[in-house]
Structure formats: C-alpha cells, structure tokens
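Before any comments, here is the structure.
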Amino acid sequence: MSLGTETRSPWVRLSRRRDRAGEYGVSTMQTRSINLRVDELLARMTLEEKVGQMTQVGVLQDEHVEMVRSGAIGSSIVASSAWAGHEDQPDVVVDRLNEWQRLAVQESRLGIPLLMARDVIHGFRTIFPIPLGQAATWSPELVERGAAVAAREAAGVGIHWTFAPMVDIARDPRWGRIAEGYGEDPVLASAMAAAAVRGFQGGDPAAPDRLMACAKHFAAYGASEGGRDYDTVDVSERTLRDVHLPSFRAAVRAGVGTLMSAFHEIGGVPVTANSHLLTGILRREWGFDGLVISDWNAVAELIDHGVARDRRDAARLAVLAGVDVDMCSGCYRDHLAELVRSNDVPAATVDDSVRRILRTKFRLGLFEQPFTDNHRSRTILHCAEHVAAARETAAAGIVLLRNEGGLLPLGKRCSRLVIAGPLAQARRELFGTWTLNGVESDVAAIADCVRQTAPRGMTVTAVGGLVDEICSAARKSDMVVLVVGEHPNRSGEAHSVDQLGLPPGQGELVRTLAALGKPLILVVVSGRPLALTWEAEHVPAILWTFHPGGEGGPAVADALFGRINPSGRLPVTMPRSVGQIPLYYSRKNTGRPPATCRFRSHYIEGSYRPLFPFGFGLSYTRFEYSDLELSAATMSADGQVCVAARVTNVGDRSGDEVVQLYVRDLVGSVTRPVAELKSFRRIRLEPGEGRRVEFVLRPEHLAFWRLDGSWGAEAGEFTVRIGPNAVEGLEGRFTLDNAVAQAE
Ligand code: NOJ
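Position one of the sequence shown corresponds to residue 4 (my numbering), numbered consecutively onward.
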C-alpha cells in the first residue's frame, strides 16, 4: 500500500487526529443522542458520499486510496472471502488498518471512519470448536465466553465487525455449512445465538475488547434443496416462522447490531431482493434498527437468479428490499446515485440505509476512537486464559456415542495401546472450517497428546499411514484407537457432499481393524453428522468431536483417559443413511405415523429411525430420572406451569448431564411436531447426588404460527417430557385453558 504517508509511528500521528474525530466525539455524544448526530451528519453528505457508506469492498489495496479519500467506501472485509476460510489469509496488521483509517478520518471531506470487518467465526487466533461443536456443549455460557475471547483478540488487531454468529437451522447434513451453525433445533440455536451476540458485543460493542456481531444468513439458508449450498429454498411461511426465524429473532432480541441477508431464493424470491423478509418482518414486525448487509456479491447475483436484467436493476431491487450495504458486488457504487437521480429509487430509501450504517459506526464508538492501539494484541493473542477457555469448550463438546462394556475410559485393562488413523496426527485440520488466523504450531495432534499423557504403565504406539503397519502394530496391542473423520475442507461454504459415510478408504480401514478382534475405539472428528451405521453396530466405543479447534488434542486425550467425563450431546440427529435425509426429531406425526399400519410413513428397506437421536450422548457415569412433577394441571393464559424431575447420578464418577424439556401440542389448528425442545439445563452431579431440576413453562413457550397467520399459543392439551434426549424421559400432561396471542 502506498499512501504517501510519513514515516513516523502511525500511532503518534493518529493520536493527534483523534481531536478532529472528536468533531463527532465524546463531548457531543454526551449531550445528544446518536440519532441526532446521525441526522446532522447525513444532512452534510452528498449523494455520492451516501452511496460510499453503502459500499463495502474486499481487502483494501492501492486502487482504493482515492476512493477512501473521496468517501466512496464505507467498509472493508479484511480478508479475501473467495475461499471461505479454506485457505490461509494474510495476517491482520494493526498499523496498516490504522493507516487506512487515518486516510478516511483525516483526508476525506467528512472524516467518517471505516468499518473493518472479518469473518471471525469460531475464534481469531485461539481457535474454538466449530459452532456445531460448540452447540454440542449445550452450554450458552461457554458459547458466550468463546465469542468474547474471539472478540477480544480480533478487536485487539483492529477489527470492528464480525460476520458471526451463523444462526441458520440445518436439518440436512449434506450441507457443508451445517458446521457453522448450532444445529437443527430453533430453541437450542436461539439460546446459542443470543449467547454469541452477548459474547461478541458485550454490553457495549464500542468497548476495546468487543466487536459488532452479524447474525447470518437471514433466513432459511440451511433449507436448500439436496443440501447443495446456495440452492433453492421453498419453505412455507409457517416453516419459516416456526423453524427458521426464531434464532434470528433471538439474536435481534439480544441486541445484535447487524444482519446478513442470504444468497438463496425462497419460493421464487431471492433473499437479496426480498422485502417481505428484510423490511416487513425484520424492520416492521421486529423493529430492528441495525444495518443489513448483503452476502458477498449477492446483489449482482440477482442477475443469475433471473430477477434482475442488469447490475443497475440488481442494485435497485436490493436497495428497495432493504439491503443497506452491498458486500463487494460494486452494483451500488456504480448505479445507486443515478438510480436516485432518475427517481427509480427514492432518496429517502438511501437516507434510511445510511442512517442505519452511521448509527452502527456511532454505536461502535468509531467517531470517538477510530484507531486501534497497536500494542494491545501482543499480550492477548492465544494467551493462557484464552487457550484454557478453548480447551474447556472442546472438552465439553465431546460426545460419547457408544461405550460397550465400559471400554472407555482407557485404564488398567490396557497396557499396550496403538493409536492410528488419518486424523491421528492432524493439527491444522482440527481447527475446522472458517479459520483465518489459527496457527498450526499452536496445535498438538491427538496422537501426540495421547502418547504424552498416557498413564504410567501404558505404552502408546502411534502408527502412521499404511494399513499393514497399523494392523501389525494392532496385533501386538491390547486396544486400538483409530482417529477418523473429515478434513475441514469437506465441510463449510460450498462444500456439500452426497454421501454421509466416512470419506473414501476410511470405512475399509475401520472394518479391517475391527476384524482383528482387538477392542477398537473410534474417535471421529468431523464437520457434520455422518451416517456411521456399520461402525455403530460393530465398533464398541465411539467418541465424537465436531472439529474441536486448537485444543482438540488435549481434550480428546483427556476424554480417552477419563480425566474428563464426556458430556456433549448431539445438536443434530445422526441419520442411518443419506437416503433418510432430511431427518430431524421435531417431525410431524402425519396421518399415517410410522409405527401404525402397513401403509405408513416409512421405508420398505431400512429404518425410519435415527442412528442416534437429537440430544443424545453417553457419560462414564449413569443418570436416572424420577419423580416428575407438574405444579398445576392447567396453565391459564397469563400463568405458568413448573415442570420438575429428579436427576440422580447413580454411577461412581462425577459427571455433567444435560436435562432436556420437550413439549407436544396434541391438537392444533395446524399440525404440530411430535416433540419440541423448550428448555434445557446442564448440571454437574457427584456420584450418588440427586437434584430436582425445575423448568417454568409459560404460554409464550407454546406459541407457533397459527392457522390464521398470527403468532401465539392455542388452548388444549399438551404432553411434557423431561429426559436425556429427544426420545426418552418421563412424561406428564397439562392443559392450556385459553388461546393467547404473543408478540413473535
Ligand atoms: C460468503 C459467506 O456466505 C458469508 O458467510 C461470509 O460472511 C461472506 N462470504 C464474507 O466472507
């Protein structure tokens, strides 16, 4: 970059500049509201400067210098998005970002600071498990802390805005982006969405250790046909409202500052041109006053969708629908001013968008402090506190799926252990998709951690690649740990698959090892649920981790040796075969439920049941559920029912249980799911300890999109179940005595 700047430390120059930035700064802010300041600034802007605020470019380069000076750029993505985290990116250099900021605030006419954005998805330098793995913790507290750590590190290097959390509901594991979200369920995803927003933004996104969050991809992006990324979505208004919107609503309620509109179409209308979603629901119904950014180049892609004639038309459709910022297509930059001059777009529409953008910049405190202290990041990136947090989250997300004969944890019965498999020595691969700043040397491989931390008296042999070598080592061992699964490039954006078994070659390896007759333990590392049906029948122990991030090695070793007790639970249903997709617990009963007559909803070959249900996960201890109690048989419209059960640790180890509450609305004006998660709680119980776990159900928890197109609960009978997953537990009943309308 050649900005023709002086050679003194930029921070010195920039500090001087803060006085002028104070034109819109602290003292004024104390006396006037942000909205007044926004209007005052807006009144001084030319149409071109307004369009500039609505224009986001990719990595800032020499060609952008004059554009920044003339106010033609409002924000930048500090990364090339083209590979969606599948490739290394240039480092973020604080001084360079400060230089660009200096150009904007000192050399542009109005001195409006730039917004620096980046995809900080599951960690910045300290890499946490992929969001699906974070969801497997069923701990909003851990998700919040993970986002706070990511925010602290990214803000420390000058990033203001992250394109996270992704809160899309995913019920099709073929879809590669299932890795980036919180799974199949609206209530679990809503809890995690709100937690992530709190973690990224804190009480004040302007704080030096916070970022502005962006809930994406609004909406129903995960429902694409065939699980193919970007593909057609055709969901009803009911499915949209009941399944796909609640997690966005939760993010908005938690105060998320921005939203990203999605790439795809819904029922013939691309989201980028969908005013029903972007203006009707988001702004009118929900009162969202933050900004909406398009996805990358999605404005121009309205031409490919076949709803825009050309780039000018695409800009017109997107801005009228409610897209405030055009991410990198250049359509706004090239056509929006002219569209306003020719009265094809009202000037007021542009003003409204610019207000939302300026409001975001004010909320981020950029007018008061546009620059980043270039010393800050040195002490915080990958510091011990952050690494410990990543390790705790990685550990809490490990799901024990099978443990025949108590094979795990590995202990005295094993004195010679072999560890092998394609991911045993993986390091960077443990990060998962969308990792821009993770550093491989921060990561210890699972095999190394197992070797280094094995108990005294146990010899661990790590064997590399060849099947023959693995078999010959295995024959001389007591037990074998095989680390299999997916390379991160097999999931994430544009990385969908049409098979859900282990990647080629790995299934054969597992069968060969299983045939040796040695006790076999599978550690599966993956970006999605896989249909490991054969493995679940023939391999006695399976420990599952969705890409666990930089601390996956020690976390898995701790689980294998019992230093932690696995407590993750599935945030998605595990199917038996790809042919069952979509398969999710919250299905409809149908007129011919699977377990009734011969002509029923099922497969004539194969099962309609999942391999492992949503919410499932074993422990090294056992939990028993008893004493279900309901505080009342009837819930009045303004009342509540407390539902409680006793959960007891009847094993001999301390452990965490995730207690889950499901409801079924037995008769509705429209069909209702056979079970819906309503709440959950993760508790720790010592051996022999029992605890009464209580949930409060209110009419708003029973609300749905009713036949008349309103949101609310309907009077009638409900079953309620407290249990360890979506299909087991203790069941009771209550009645809601009056229908009740709710705000959605
Ligand atoms: C495209 C992806 O869909 C989105 O999630 C991401 O934030 C943008 N590219 C920017 O990198």
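Just so it is clear, CB atoms sit at the ideal spot from N, CA and C, and this is done for glycine as well.
Asked, Found
"In this structure, does DSSP put Lys479 in helix, strand or coil?", "coil"
"Under a Cβ-count criterion, where at least 16 other Cβ atoms within 10 Å of its own Cβ denotes burial, should Cys645 be classed as buried or exposed?", "exposed"
"Can you say whether Val29 is buried or exposed, counting buried as having 16 or more other CB atoms within 10 angstroms of its CB?", "Only weak support exists for where Val29 lies, its pLDDT of 37 falling under 50; the value from the coordinates is given anyway. By the 10 Å Cβ count, Val29 comes out exposed."
"Which first and last residues belong to the alpha helix (DSSP H) in which Tyr335 is found?", "Cys334 to Arg344"
"Just checking my contact of Thr651 with Phe626 at CB under 8 angstroms: how many whole Å lie between their CB atoms?", "7 angstroms"
"For Asp171, does the count of other Cβ atoms within 10 angstroms reach 16, so buried, or fall short, so exposed?", "buried"
"Going by the C-beta, is Met330 closer than 8 angstroms to any heavy atom of the ligand NOJ?", "yes"
"Between Trp714 and the ligand NOJ, is there a pair consisting of the residue's CB and a ligand heavy atom that are separated by less than 8 angstroms?", "no"
"For a test of the three-state rule: what should DSSP assign to Leu505, helix, strand or coil?", "coil"
"Assuming Ala197 contacts Ala254 under a Cβ cut-off of 8 angstroms, what Cβ separation, rounded to an integer in Å, is found between them?", "7 angstroms"
"Considering only C-alpha positions, which residue in the set Arg595, Ser610 and Arg590 is nearest to Pro578?", "Ser610"
"Comparing C-alpha positions only, which one of Val97, Val743, Asp313 and Ala158 sits nearest to Ala209?", "Ala158"
"Is it the case that the CB of Trp164 approaches a heavy atom of the ligand NOJ more closely than 8 angstroms?", "no"
"So, helix, strand or coil for Lys681, using DSSP?", "strand"
"Taking Pro143 as the reference, give the member of Val190, Asp327, Val581 and Leu100 with the closest Cα.", "Val190"
"Please give me, in chain order, every unbroken run of the alpha helix (DSSP H) with length at least 4 that falls completely inside the segment 353-386.", "379-383"
"Which residue wins for smallest C-alpha separation from His550, given the options Ser380, Pro349, Thr396 and Ala598?", "Thr396"
"Hey, is Ala196 close to the ligand NOJ, as in C-beta under 8 angstroms from one of its heavy atoms?", "no"
"Taking Gly712 and Gln745 to be in contact with their CB atoms under 8 angstroms, please state how far apart those CB atoms are, rounded to whole angstroms.", "Not a contact, Cβ separation roughly 14 angstroms."
"Hey, how far is the Cα of Lys415 from the Cα of Leu633?", "45 angstroms"
"Kindly indicate the opening and closing residues of the beta strand (DSSP E) around Ile306.", "Counting along the chain, Ile306 falls outside any beta strand (DSSP E), though it belongs to the alpha helix (DSSP H) covering Leu305 to His308."
"Does the separation of the CB atoms of Ala276 and Asp212 fall below 9 angstroms?", "no"
"What are the boundary residues of the beta strand (DSSP E) that His541 is part of?", "Taken as a continuous stretch (DSSP letters only), His541 belongs to no beta strand (DSSP E), being part of the alpha helix (DSSP H) at Thr536 to His541."
"Taking 8 angstroms as the limit between beta carbons, can you name the residues of its chain near Asn741, skipping five residues before and five after?", "Ser639, Ala640 and Ala718"
"Rounded to whole angstroms, what is the Cα-Cα separation between Ala340 and Cys217?", "27 angstroms"
"Give the secondary structure of Thr593 by DSSP, where H, G and I count as helix, E and B as strand, and everything else as coil.", "coil"
"In this structure, does DSSP put Gln33 in helix, strand or coil?", "Only weak support exists for where Gln33 lies, its pLDDT of 39 falling under 50; the value from the coordinates is given anyway. DSSP places Gln33 in helix when its eight states are reduced to three."
"Is any heavy atom in the ligand NOJ found nearer than 8 angstroms to the beta carbon of Glu102?", "no"
"What residues in its chain sit with their C-beta under 7 angstroms from that of Val463, if we drop five residues either side in the sequence?", "Leu420, Ile422, Val453, Arg454 and Ala457"
"Shortest alpha-carbon distance to Leu45 belongs to which of Glu472, Leu614 and Ser356?", "Ser356"
"Got a sec? Which residues, its chain only, sit under 6 angstroms from Ala199 by beta carbon, not counting five neighbours each side?", "Val146, Ala150 and Pro168"
"Around the C-beta of Lys591, are 16 or more other C-beta atoms found within 10 angstroms, so that it is buried, or is it exposed?", "exposed"
"Just verifying my parser: in three-state terms, what is the DSSP assignment at Tyr606?", "coil"
"Please go through the same chain and pick out, in chain order, the residues whose beta-carbon is closer than 7 angstroms to the beta-carbon of Arg493, but skip the five residues on each side of it.", "Val500, Pro506 and Gly530"
"Counting C-beta neighbours from all protein chains within 10 Å, is the total for Gln64 16 or more, i.e. buried, or is it exposed?", "exposed"
"Check whether the segment 48-67 and the segment 315-333 are in contact - that is, three or more C-beta pairs closer than 8 angstroms.", "yes"
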